[in-house]
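Trainee:
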Amino acid sequence: MASKQSPAKKPSAKQAGILATIELLKRYYPDAYCALNYTNPFELLVATILSAQCTDERVNMVTPALFKKYPTPKAMAKAPVESLEELIRSTGFYKNKAKNLKACATTLVEKHHGEVPQSLEALVELGGVGRKTANVVLGNAFNIPSGIVVDTHVTRLANRLGWVKTDNAVMIERQLSKLVPVEDWIMLPHWLISHGRAVCKARKPACSHCFLEETCPKKGV
DNA sequence: CTCCCGATAT
DNA sequence: ATATCAGGAG
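Numbered by the numbering used here, the letters in the first sequence go through residues 2 to 222 in order.
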């Protein structure tokens with residue numbers, strides 16, 4: 002099974018630079034992983050919905066009790082929305098999220114036999130699930146490289162590194178998809194997010210000890 | 001574009 | 001006080 006290397010053309014200088022940077026990230030964060038705790042696709046779906054504008058650490062504080070009380074779509078679909086609100090309140094946006102969780106679980110029961118669907122179109126139709134959440138579930142729970150997850154960290158780093166010049170998530174995903182080989186689609190966000198949390202932070206980036214400082218156009222910020 | 005919104009760091 | 005956190009919907 003020869004790994005298909007160059008598509009047809011030689012990569013541009015820009016793409017070659019990006020691919021080189023990705024190799025560095027891969028080497029630097031070999032153990033990058035999804036920071037949300039889950040034991041099945043449904044739990045990852047719920048955790049990712051809760052992770053909107055909230056740290057993964059905070060989500061991981063509320064999900065054990067949530068999953069204990071409502072372990073399946075069937076159980077969560079029948080949950081009083083006030084009960085869900087109470088369990089997830091500390092993650093913020095709790096009224097929207099509680100309503101979304103109940104609607105999402107209800108749809109899973111009614112249209113998907115209580116299982117998490119494995120297509121982007123079906124996932125996005127669930128309450129509170131957008132393209133980012135859908136790609137997280139497909140990539141991490143099912144190992145399907147449906148698309149590249151574009152979150153706040155990927156948006157920030159892709160711009161700082163000069164890979165893209167837009168904050169539009171759909172455009173970023175489209176552009177990155179053309180630059181990055183599909184075998185890296187699932188891990189790339191993990192590498193970028195690891196680096197975004199540890200070094201290339203939103204508020205106070207630690208450029209002085211960043212291993213990408215040489216080639217980063219934002220060097221010094 | 002605005003709104004949803006609590007917890008934490010600076 | 002303000003910015004930010006693995007966003008999504010109207």
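We treat Cβ as the ideally placed atom computed from N, Cα and C, and that holds for glycine.
1) Please report the straight-line C-alpha distance between Glu116 and Lys15, rounded to a whole angstrom.
2) For Leu37, collect the residues of the same chain with a Cβ closer than 7 Å to its Cβ; drop the 5 residues on either side in sequence, then sort them by chain order.
3) What residues in its chain sit with their C-beta under 6 Å from that of Arg204, if we drop five residues either side in the sequence?
4) Between Thr92 and Val63, which are expected to be in contact by the criterion C-beta below 8 Å, what is the C-beta distance as a whole number of angstroms?
5) Pairs of beta-carbons, one from the region 175-186 and one from the region 158-167, closer than 8 Å: are there three or more?
6) Hey, Ala142 and Pro74 are a contact pair by Cβ (cut 8 Å); roughly how many whole angstroms apart?
7) Helix, strand or coil: how does DSSP classify His191 here?
8) Please state the DSSP three-state secondary structure of Val60.
9) Can you give me the Cβ contacts of Asp168 inside the same chain, cut-off strictly under 8 Å, excluding the 5 residues immediately before and after it?
10) For my contact list, His196 and Leu88 are in at a C-beta cut-off of 8 Å; report their separation, rounded to the angstrom.
11) Is the beta carbon of Glu1 sitting closer than 8 Å to the one on Ala99?
12) Count the other CB atoms, across all protein chains shown, that sit within 10 Å of the CB of Ala106; report buried if there are 16 or more and exposed otherwise.
13) Just the C-alpha distance for Cys35 and Phe94, rounded to the nearest angstrom, thanks.
14) Roughly how many whole angstroms lie between the Cα atoms of Cys217 and Asn101?
15) Identify the continuous alpha helix (DSSP H) that holds Phe143 and give its terminal residues.
16) Alpha carbons only, please: which of Arg90, Ser120, His114 and Glu83 is nearest the one belonging to Lys103?
17) As a quick exercise: from Ile173, His114, Glu174 and Thr153, pick the residue whose alpha carbon is nearest that of Arg198.
18) With DSSP as the reference, label Ala203 as helix, strand or coil.
19) Use the C-beta contact count for Ser13: other C-beta atoms within 10 angstroms, 16 or more gives buried, fewer gives exposed.
20) Counting along the chain, where does the alpha helix (DSSP H) carrying Cys105 start and finish?
21) Quick one: residues in its chain with C-beta nearer than 6 Å to the C-beta of Glu126, no 5 flanking neighbours on either side, listed in chain order?
22) So, are the CB atoms of Ile19 and Asp185 less than 8 Å apart?
Mentor: A quick look at the data gives this:
1) 42 Å
2) Leu45, Ala48, Thr49, Ser52, Asp57, Val60 and Asn61
3) none
4) 6 Å
5) yes
6) That belief does not hold up - the Cβ atoms of Ala142 and Pro74 are roughly 14 Å apart, past 8 Å.
7) helix
8) helix
9) Thr156 and Asn160
10) That belief does not hold up - the Cβ atoms of His196 and Leu88 are roughly 32 Å apart, past 8 Å.
11) Any property of residue 1 remains undetermined from this structure, which presents the chain solely from 2 to 222.
12) buried
13) 22 Å
14) 39 Å
15) Arg132 to Phe143
16) Glu83
17) Thr153
18) coil
19) exposed
20) Tyr95 to Lys112
21) none
22) no
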